[in-house]
Amino acid sequence: MPYRYDLVFRLEPTHHYADLSRGLAAEVADPVWFLGRQWQLGEHHGEDAASPVRVEYQASRVAIKPGAPNPHQDPRVVPAEAIIESEPDDFWTVGRRITLGRAVARAATDAGHSLPEDAKYRLKNLPVPYDVLNGTGLDGRLLFKDRGPLELLDEWFPERPPRPAPRDLWNSAELAYDADFRAGPTTLTLRRHDGGSLDWWSVDASAPIPEPDPLPRATKVLATRIQYPGAPHPRWWQIEDTRTDLGAYAPDRGHLATVLLLDLVSSHSDDWFTFPIPVEAGHILTLHHVTVIDAFDQPWTLQPPDDGWTLFAVTGLNPRSLVLWPAVPTALAGPVTDQVDFGVDEDANLVWAVERRIAGRDQPTLGPGSDDQPDVVAQEADATVQPRYAYRASSEVPPHWHPYLLEGGDGQPRRLVQGRLADLSKRPADPMPLPETTLLQPNPRNQESKSIHRIEPAAIPIDGLQLERRHMLGRRTDGRPVLWKQRRRVPLAVSPTMRLQFDVLIQQ
């Protein structure tokens with residue numbers, strides 16, 4: 001039986017060098033020939049003709065200052081959230097109220113000075129879990145407030161609140177924050193801030209920053225390629241990190257933008273460069289001129305987009321300007337101390353404000369959307385007996401429910417005015433208690449009335465609203481801690497409602 005053998009010949013290059021590192025380096029014998037070939041094909045006129053090497057820019061900086069002069073609220077040092085959301089009594093924490101009260105009591109005893117025994121100077125209304133100390137000692141905040149009439153010396157207080165005290169920027173009518181900051185000749189305005197994170201997108205400017213005369217000297221820096229997790233490496237034989245794979249989760253046909261992003265990252269990831277600009281927080285940075293020097297020592301002047309759009313644009317500022325706030329991205333948030341739910345009752349044509357939490361303690365009241373009102377059952381009447389009737393209010397409003405009625409019109413501003421219900425179960429009827437939380441109290445700075453809380457109707461959405469107050473802890477740019485109380489608007493999952501019934505006469 002014959003056998004068949006196939007002979008295959010293959011040409012292989014013979015390496016004259018045993019050094020593998022030279023082969024991996026991909027050396028070019030005549031780089032000038034490659035450059036000439038690129039010139040012949042016109043590649044030097046393309047968008048990807050060369051790589052940036054050096055950047056020369058001229059930039060100016062304008063410091064941001066608070067609307068009212070206050071050295072304790074410098075936007076270059078204190079985070080913007082702490083400045084805007086702070087309250088005048090933020091200094092008086094529970095610990096300071098207790099420790100300063102005890103310190104003043106010791107100092108007064110050593111000096112032979114008697115302190116009043118009035119109960120109004122005792123600790124009270126402390127939040128949970130400090131409520132166990134209510135009535136056990138003197139309140140340092142109340143003693144400091146009345147130190148003049150009580151003839152208390154300032155030296156008896158180891159710590160004293162800053163002067164001037166922070167301004168309360170909470171707009172109790174809009175249920176949001178309003179603030180103004182100065183930056184050179186322009187003003188940065190903040191309107192209807194819900195609380196929480198704040199950055200360049202939160203403010204508007206009254207006018208652009210003028211160009212200084214003369215311009216600052218040009219600064220020369222090196223351009224570096226942008227690095228981010230999962231970025232493809234531009235060079236040969238570079239091992240990429242397998243822990244980050246941008247294409248691991250393939251997008252479906254409905255996510256075209258994701259496909260375009262992956263294509264851009266894969267094909268042009270080595271075309272993105274960045275350069276450093278040293279600047280301090282709490283400033284407005286303006287780039288006047290930017291010139292890029294490429295690998296062929298050719299200058300390229302960068303211009304902002306022709307349509308004026310930019311990702312970090314601030315209304316009123318030039319597209320070349322950028323607002324830099326000392327924000328607190330990782331502030332520590334304490335538990336909610338006060339919570340109020342607002343709900344629109346279209347049947348009763350009013351708005352309910354329900355105090356769910358006061359001073360860290362949940363309040364006994366109806367849950368959102370619940371209805372605990374008993375139905376009124378009709379009774380049989382006896383025609384042979386002269387009937388006697390008793391008046392019965394069919395709907396009893398639980399505690400901590402406060403109505404807001406719409407008033408105004410005919411040239412007057414429309415406002416939701418806080419009302420006060422009456423307890424008809426008593427004879428005579430007694431008015432229901434007033435709101436305990438300060439979230440439902442007017443701010444004298446922006447309220448027509450200093451005793452009745454009024455709300456702008458547009459501030460309450462049809463789906464309801466929730467107000468929260470909690471302590472926040474962050475750090476300033478100098479590393480010192482800063483503590484403030486934050487009020488914040490959050491969406492409400494279930495709006496509080498109540499089924500109001502007609503009052504009836506019950507036969508006795």
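Residue numbers for the sequence shown follow UniProt numbering, so the first one is 1 and each next one is one higher. We put the CB at the ideal spot given by N, CA and C, even for glycine. These numbers come from a predicted model, not from an experiment.
By alpha-carbon positions, which one of the options ends up nearest to residue i?
i	options	result
Asn443	Gln40, Asp168, Ile460	Asp168
Pro185	Pro208, Ser197, Arg454	Pro208
Ile497	Asp341, His44, Ala248	Here the sequence assigns Thr to residue 497, which means Ile is not the residue at that position. Measuring from the Cα of Thr497, the nearest candidate turns out to be Asp341.
Arg106	Asp503, Pro403, Trp156	Trp156
Ile455	Met432, Leu405, Asp423	Leu405
Pro52	Thr301, Ile284, Leu115	Thr301
Leu285	Pro2, Pro212, Leu260	Pro212
Val385	Gln507, Pro435, Ile84, Arg182	Gln507
Pro457	Arg160, Met432, Gly409	Gly409
Arg388	Pro305, Pro127, Leu505	Leu505
Leu287	Leu261, Ala348, Pro210	Pro210
His113	Pro398, Glu151, Pro399, Glu396	Glu151
Ala63	His283, Arg445, Ala80	His283
Leu100	Trp401, Arg160, Ile462, Glu407	Arg160
Trp325	Arg76, Asp110, Ala359	Arg76
Leu175	Pro79, Leu262, Ala353	Ala353
Less than 8 Å separating the beta-carbons of residue i and residue j?
i	j	result
Val323	Leu416	no
Ser494	Glu468	In the sequence on display, residue 494 carries Val and not Ser. Contact flag unset, no.
Glu240	Pro234	no
Tyr177	Leu188	no
Gly137	Val104	no
Leu133	Leu143	no
Gly419	Gly343	no
Ser21	Pro216	no
Val314	Ala179	no
Ser86	Trp484	yes
Asp89	Arg488	no
residue 578	Gln466	The requested residue 578 does not occur in the structure, where the chain is confined to residues 1 to 508.
Gly203	Pro276	Here the sequence assigns Val to residue 203, which means Gly is not the residue at that position. Going by C-beta atoms, Val203 is not nearer than 8 Å to Pro276.
Ala218	Val292	no
His320	Gln339	The question names His, but residue 320 is Arg in the sequence shown. Contact: no.
Ala331	Arg470	no
Phe273	Arg225	yes
Gln73	Pro166	yes
Tell me the residue span of the beta strand (DSSP E) that contains residue i.
i	result
Ala357	In the sequence under discussion, the amino acid at residue 357 is Arg, which differs from the Ala named in the question. Unbroken beta strand (DSSP E) run through Arg357: 350-358.
Leu322	321-324
What residues are listed by DSSP as bridge partners for residue i?
i	result
Arg115	In the sequence as displayed, the identity of residue 115 is Leu instead of Arg. Answer by DSSP bridge pairing: none, since Leu115 is not bridged.
His402	Ala353
Lys485	His471
Trp300	Val292
Glu12	Answer is none; Glu12 lacks a bridge partner.
Ile455	Leu416
Gln507	Tyr389
Thr286	Ser60, Ser321
Pro431	Ala422
Val490	Gln466
Lys65	Arg182
Arg361	Ile358
Phe273	Arg225
Gly308	DSSP lists no partner for Gly308.
Following the continuous alpha helix (DSSP H) through residue i, name the residue where it begins and the one where it ends.
i	result
Ala80	80-85
Ile98	94-110
Val344	Run containing Val344: none in the alpha helix (DSSP H); it sits in the beta strand (DSSP E), 332-345.
Val328	Taken as a continuous stretch (DSSP letters only), Val328 belongs to no alpha helix (DSSP H), as it is neither H nor E.
Thr258	256-268
Quick one: does the C-beta of residue i sit closer than 7 Å to a heavy atom of the ligand PLP?
i	result
His233	No copy of the ligand PLP appears in this structure; indeed no ligand is present at all.
Exercise. Mind pulling the beta strand (DSSP E) runs of 3 or more residues that sit fully within the region 137-223?
Worked result: Note on the region 137-223: whole beta strand (DSSP E) runs with a minimum of 3 residues are 176-183, 186-193, 219-222, in chain order.
Problem set entry | Continuous beta strand (DSSP E) assignments of at least 3 residues falling wholly in the region 31-58 | For the beta strand (DSSP E) assignment, the region 31-58 encloses no uninterrupted run of at least 3 residues.
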